[in-house]
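S.K.: Numbering (my numbering), first residue to last: 2 to 190. Here a beta-carbon is modelled for each residue, glycine too, at the ideal position from N, C-alpha and C. I have a structure here, written as structure tokens, and I will follow up with some questions on it.
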């Protein structure tokens, strides 16, 4: 049986030192950022507890093009964070504890397709989801634990999907950003 952390006095001492340091850092954050970080700590604490007994087979299988609502966390720098929709880019069986996603965002009312960053993909509206114009962010593509997914969780839950055309746009952007592959000879880029 593995020893618990509290049984190692040196680790407990270091943990307390780091927690005190973290508290100082949080206290010096601006209020909005501090609130977001504290909310993330609450979520992270839940994940640490859930992780002990997490069994992905109780969740649904996720299919390419399905949209999930997931918490990307509180991250450093320009890494994508917070609660956002994302599109599944590769099928993930019930037993797989992770799913590969591309985060989605939406344009503000006064923004147009021309305002979309060159590394993002304008998708237009997503049928049934909301009336907002959506954008995929392939440069933030990543695997996430299924623990991070808030919905859909079960096979009976409603699912929103991107169209084949929308997925093709994302695939093409990923191909251009991350590979040296040329388009198929009939559609040379």
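#1: Would you mind listing the beta strand (DSSP E) stretches within the segment 72-117 that are 3+ residues and don't spill past its ends, in chain order?
#2: Using alpha carbons as the reference points, say which of 162, 149 and 104 lies closest to residue 55.
#3: Out of 47, 105, 171 and 162, which one is the CA nearest neighbour of residue 129?
#4: In angstroms, rounded to a whole number, what distance separates the CA positions of residue 181 and residue 25?
#5: Spatial neighbours of residue 126 within its chain, please: C-beta separation below 8 angstroms, excluding the five flanking residues on both sides.
#6: Would you call residue 7 buried or exposed, if buried means 16 or more other Cβ atoms sit within 10 Å of its Cβ?
#7: When the cut-off is 8 angstroms and only beta carbons count, does residue 50 lie next to chain B?
#8: For residue 67, which three-state DSSP category applies?
#9: Please report the residue range of the alpha helix (DSSP H) in which residue 146 lies.
#10: To which residues does DSSP link residue 129 through a beta bridge?
M.R.: According to the structure shown:
#1: Runs of beta strand (DSSP E) with 3 or more residues, each lying fully within the segment 72-117, are found at 84-89 and 99-107, listed in chain order.
#2: Your numbering for residue 55 matches position 54 in the chain shown. Looking at the Cα atoms, 149 is the closest of the given residues.
#3: Numbered from its first residue, the chain shown carries residue 129 at position 128. Per the Cα distances, 162.
#4: Here residue 181 is taken as the residue at index 180 of the chain shown, counted from 1. Here residue 25 is taken as the residue at index 24 of the chain shown, counted from 1. For residue 181 and residue 25, the distance between alpha carbons rounds to 47 angstroms.
#5: Your numbering for residue 126 matches position 125 in the chain shown. Cβ-Cβ distances below 8 angstroms link residue 126 to 132, 133, 134 and 135 in the same chain, with the five nearest sequence neighbours on each side left out; the list follows chain order.
#6: Taking the chain shown and counting its residues from 1, one reaches residue 7 at position 6. Exposed, since its Cβ has fewer than 16 Cβ neighbours within 10 Å.
#7: Protein chains in the displayed structure number just one, and chain B is not present.
#8: Along the chain shown, read from residue 1 onward, the residue named residue 67 stands at position 66. Residue state, collapsed to three classes: strand.
#9: Within the chain shown, the letter at position 145 stands for residue 146. Not the alpha helix (DSSP H): residue 146 falls in the beta strand (DSSP E), residues 143-146.
#10: The sequence position of residue 129 within the chain shown is 128, counting from 1. DSSP output for residue 129 lists no bridge partner at all.
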